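To start, the structure under review is shown below, and the notes come after it.
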Amino acid sequence: MITWNPDLIAFQLGPIAVRWYALCWVLGLIAAYFVVYWLYRRQRIPQEKFDPLFFYCFFGILIGARLGHCLLYEPAYFLAHPLEMLLPIRQTAEGWRYIGYAGLASHGGTLGLMIAL
1 MITWNPDLIA FQLGPIAVRW YALCWVLGLI AAYFVVYWLY RRQRIPQEKF DPLFFYCFFG
61 ILIGARLGHC LLYEPAYFLA HPLEMLLPIR QTAEGWRYIG YAGLASHGGT LGLMIAL
C-alpha cells in the first residue's frame, strides 16, 4: 500500500503560506491569459475586447468557484456566516482574524464563467 501525504504548502513568503492549490490556480489563469491572447492575435480580433473579456472571466470563475463551494458543500455554516463567503476573515472571541480563502468548487467556477460570458 502506498501512502502519499504531501505537504500542502509550496513555499512561504514571511507569514504568508502559498499552497500548491493556489499556485496551480495562478499558473492556470496565467496560461489561460496567454492562450486566449494568442488566439485573439491569430484571429485578428481587436485587442480592446481582450482585457474586458479576461476581467469578466477571471472574476466570474473566482466568485462562482467560491460561492459554489460555500452553497453546495457547507450551506448551513455559510448562510449563518455570509461575510466569510467572500472575505477571508472570521469573527472570533478575540476579534476579527484572517483565515485565508479555503474552498473553491470547479463546477461553481464553470457556472460563474458561463454567467460572466
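Using the UniProt record's numbering, read the sequence shown as starting at 1 and increasing by one per residue.
Just so you know, even glycine gets a beta-carbon here, dropped at the ideal spot from N, CA and C.
Here the structure is a predicted model, which is why all the values come from computation and not from measurement.
With a threshold of 7 angstroms on Cβ separation, who are the neighbours of residue i within its own chain once the five nearest residues in sequence on each side are excluded?
i: I99; result: P88, I89 and R90
i: Y33; result: F54
i: H69; result: G103, L104, A105 and G108
Could you check whether residue j and residue i sit closer than 8 angstroms to each other, using their CB atoms as the reference points?
i: L8; j: W20; result: yes
i: A116; j: Y56; result: yes
i: G64; j: L111; result: yes
i: Y37; j: F58; result: no
i: A10; j: L27; result: no
Starting from residue i and walking both ways along the alpha helix (DSSP H), at which residues does that stretch end?
i: L113; result: S106 to A116
Using the Cβ count rule (16 or more neighbours within 10 Å means buried), how would you classify residue i?
i: R44; result: exposed
i: I61; result: buried
i: L72; result: exposed
i: R66; result: buried
Please report whether the beta-carbon of residue i lies at a distance below 8 angstroms from any beta-carbon of chain C.
i: R66; result: This model lacks chain C altogether, as it is built from one protein chain only.
What residue does the beta strand (DSSP E) around residue i start on, and which one ends it?
i: T92; result: I89 to T92
i: G95; result: G95 to Y98
- Query: Whole beta strand (DSSP E) runs in the segment 10-84 with 3 or more residues, listed along the chain?
  - Reply: 16-19
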